[in-house]
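Notes follow once the structure below has been shown.
In our numbering, the protein residues as written are 217 to 298.
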């Protein structure tokens with residue numbers, strides 16, 4: 217009886233105690249619509265939230281011509297399209 221009880225407790229600890237805690241991935245805060253005129257500079261900060269308050273490292277790929285990504289700041293100068 218004691219061996220059976222010990223075995224059942226061991227099985228419960230192994231299978232019930234090993235559930236994986238899932239946290240949502242970091243999320244980029246919405247930037248929203250921006251309106252600028254030709255030859256003006258658009259400058260905004262990218263903010264990312266992590267529930268676990270992790271220090272995050274991120275980058276930007278496929279930026280438009282003339283865009284600069286520096287840390288969490290994006291600078292874009294829109295030139296005349298004509």
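For every residue, glycine included, the Cβ atom is placed at its ideal position computed from N, Cα and C.
What residue range does the beta strand (DSSP E) around residue i cover?
| i | result |
| --- | --- |
| residue 257 | 257-261 |
Note down the Cα distance separating residue i from residue j, rounded to an integer number of angstroms.
| i | j | result |
| --- | --- | --- |
| residue 261 | residue 238 | 28 Å |
| residue 255 | residue 282 | 11 Å |
| residue 258 | residue 240 | 31 Å |
| residue 228 | residue 245 | 41 Å |
| residue 219 | residue 276 | 59 Å |
| residue 285 | residue 252 | 18 Å |
| residue 292 | residue 273 | 21 Å |
In its own chain, which residues sit with a C-beta less than 6 Å from the C-beta of residue i, not counting the 5 before and 5 after it?
| i | result |
| --- | --- |
| residue 265 | 243 |
| residue 250 | 258 |
| residue 288 | 261 and 262 |
Could you confirm whether any beta carbon from chain C is found closer than 8 Å to the beta carbon of residue i?
| i | result |
| --- | --- |
| residue 271 | Considering every chain present, this structure includes no chain C. It has just one protein chain. |
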